[in-house]
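Everything on this sheet refers to the single structure shown next.
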Amino acid sequence: MSNKVGIDKIAFYSPDYYIDMVELAHARDTDPNKYTIGLQQDKMSVIPVWEDIVSMGANAALQIIDDKDRESIDQVIFATESSFDYSKSAATYIHNMLGIHSGAKSFEVKQACYGGTAGLMAGFDYVRANPERRVLVVAADIARYGLHTSGEPTQGAGAVAMIISSEPKILSIDAQSFSRTDDQYDFWRPSHSPVALVDGHFSNQLYADSFINVFQQAEEALGTDLNQVKALAFHLPYTKMAKKALTALSDAETKMDEKMRARLIEDWQEQLNAAIVYGKQVGNTYTASLYISLMSLLKESDSLKAGDKIGLFSYGSGSVSELFFGNLVEGYQEQLEKVSGQKDLDERLQISIPDYEKYFGDRDLEYEANIDFEIPTDYVGFYLAKIDEHRRYYDFK
Ligand code: COA
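Using the numbering used here, the letters of the sequence shown map in sequence onto residues 67 to 463.
Following this line, the structure appears as structure tokens:
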């Protein structure tokens, strides 16, 4: 078994459109500070109808995949909770669109926002046992609570693609991790519902409780080694949630020396400023969110360096959580320079609240048996070209 397995390459994708949270607050007759300070969200990505989880995932993966990957990827794992088909997995489309060899297997995984981590860990185990081979993990989601709901300001859309290998150029992942399953109804989406149902305040509480639980497990197992953790990336349903989790940790009972814990939390709070930069502008991306936070942390922090240990906290309602750690690999910054970042977010187009509401409603067109989608002339990337007898066809331009 290989000891050094982890994230070799990573990229994210978010649609070209966004709304400003102050404008949304005005349209909802709400104090803008509730969104920008209370939830710490500045912008929210809006997905048009000619994009979906498959096109977003392919657009993320296209940034990192090369011919060597196409031949050595044995599994395409697609994590999502926005699936449009109960049978055919989103991974099968991606496998074809990216030209991965036909001997690879492709499948979808689900456990709310934890799905991306489930995929990553399955890939990690596979590559540890088969160090010459690779796994592509794609996490893509469209967060939808509905217009005029309390969850509305915590929507968003985006995707992350990661290649797992035994020669990781970004993060080598530790084999030991700390998990928790707690059967609860804090957020769920019955198969007949196009939007999520949520007990929002309960989900905040469960997220924080889960973080404390897995932290205590890590503390038990790792003791003072936890001091070496320089920063944490978080699943970010909205970016204030990470701050709330660290505040809960300050108040919780842990075995750690109080001064040491206070210093650690202070360091992590400082690094959090970098870990939330992209999430503040994209919104919730469910399965992709933690990994967008990871990219934000690695690209936006000016104090992290190769060799540093970082932690990742994954939470999926329902609920499953996992805390795991890894070490930054020499040259990780250069690797990340090649992929999406702040520049891509800056190049998006702001749309009005009425246009956002129209795009929101347009998603129902997905249920049509036959429809051709009209794409803006300046669009670049994979897109959903048409639905024909309920079959989806993608194109690239
Ligand atoms: N100025 C500054 N802050 C304000 C404010 C104002 N005018 N008005 C409210 N706030 C703060 C509140 O104090 C609160 O902060 P706190 O949680 O740190 O106390 C925050 O803004 C949200 O206000 P709240 O009244 O709790 O909002 P809400 O009842 O509309 O619900 C969510 C917020 C997040 C629960 C809701 O958007 C939701 O259900 N989202 C989807 C689920 C989710 O994201 N869950 C997270 C875990 S996975």
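Just so you know, even glycine gets a beta-carbon here, dropped at the ideal spot from N, CA and C.
Just so we're clear, the structure is a prediction, and the values are computed from it rather than from any experiment.
According to DSSP, which residues form a beta bridge with residue 141?
171, 201
Assign residue 118 to buried or exposed, taking buried as 16 or more other Cβ atoms, counted over all protein chains shown, within 10 Å of its Cβ.
buried
List the residues that DSSP assigns as beta-bridge partners of residue 391.
377
Do the CB positions of residue 175 and residue 156 come within less than 7 Å of each other?
Taking C-beta atoms as the reference points, residue 175 and residue 156 fail to come closer than 7 Å.
Specify the secondary structure class of residue 100 as computed by DSSP and reduced to three states.
Looking at residue 100 - three-state DSSP - the assignment turns out to be helix.
Count the other C-beta atoms from every protein chain shown that fall within 10 angstroms of the C-beta of residue 415, then say buried if there are 16 or more, exposed otherwise.
exposed
Would you check if the distance between the CB atom of residue 264 and the CB atom of residue 202 is smaller than 7 Å?
no
Nearest to residue 402 by alpha carbon, out of 411, 332, 267, 363?
363
In this structure, does DSSP put residue 438 in helix, strand or coil?
Here residue 438 carries a strand assignment [DSSP, helix/strand/coil].
Quick one: does the C-beta of residue 97 sit closer than 6 Å to a heavy atom of the ligand COA?
yes
Do you know whose CA, among 383, 78, 351, lies nearest residue 405's CA?
78
If you pair each beta-carbon of the segment 376-383 with each one of the segment 267-285, do three or more pairs fall below 8 Å?
yes
Taking 8 Å as the cut-off, does the segment 429-442 touch the segment 451-462 (at least 3 CB pairs, one atom from each stretch)?
yes
For the segment 327-368, which segments carrying the alpha helix (DSSP H) assignment without a break, of at least 4 residues, lie completely within its bounds, in sequence order?
List check, alpha helix (DSSP H) in window: 345-348, 355-366.
In angstroms, rounded to a whole number, what distance separates the CA positions of residue 230 and residue 297?
21 Å
Starting from the Cα of residue 327, find the closest Cα among 278, 346, 148, 300 and give me that residue.
278
With 16 other CB atoms within 10 Å as the buried threshold, where does residue 103 fall?
exposed
Can you check whether the CB of residue 390 is closer than 7 Å to the CB of residue 238?
No, they are not a contact pair.
Do you know how far the Cα of residue 323 is from the Cα of residue 149?
45 Å
Go to residue 194, then tell me how far its alpha helix (DSSP H) extends in each direction, as first and last residue.
181-195
How far does the alpha helix (DSSP H) with residue 421 in it extend, from its first residue to its last?
It spans 419-428 - the alpha helix (DSSP H) in which residue 421 sits, taken as one unbroken run.
Just to check my reading of the structure: residue 121 and residue 448 have Cβ atoms closer than 8 Å, yes? What is that Cβ distance to the nearest angstrom?
4 Å
Which same chain residues end up closer than 7 Å to residue 240 when comparing Cβ atoms and leaving out the 5 residues on each side of it in sequence?
390, 391, 392
If you check the beta carbons only, do residue 353 and residue 207 fall under 7 Å apart?
yes
For residue 86, collect the residues of the same chain with a Cβ closer than 7 Å to its Cβ; drop the 5 residues on either side in sequence, then sort them by chain order.
The residues are 109, 416.
Is residue 303 near the ligand FAD, going by C-beta to nearest heavy atom under 6 Å?
Within the structure as shown, the ligand FAD is missing, the only ligands being the ligand COA.
Between which two residues does the beta strand (DSSP E) holding residue 454 run?
In the DSSP assignment, residue 454 falls within the beta strand (DSSP E) that extends over 448-454.
Report whether the distance from the Cβ of residue 112 to the nearest heavy atom of the ligand COA is below 6 Å.
no
Would residue 189 and residue 205 be called neighbours here (beta carbons separated by less than 7 Å)?
no
Where residue 71 and residue 409 are concerned, what is the direct C-alpha to C-alpha distance, given to the nearest angstrom?
A straight-line Cα-Cα distance of about 30 Å links residue 71 and residue 409.
When the distance is taken between beta carbons, is residue 348 closer than 7 Å to residue 153?
no
In angstroms, rounded to a whole number, what distance separates the CA positions of residue 129 and residue 113?
19 Å
Compute the minimum distance between the beta carbon of residue 264 and the heavy atoms of the ligand COA, and state whether it is under 6 Å.
yes
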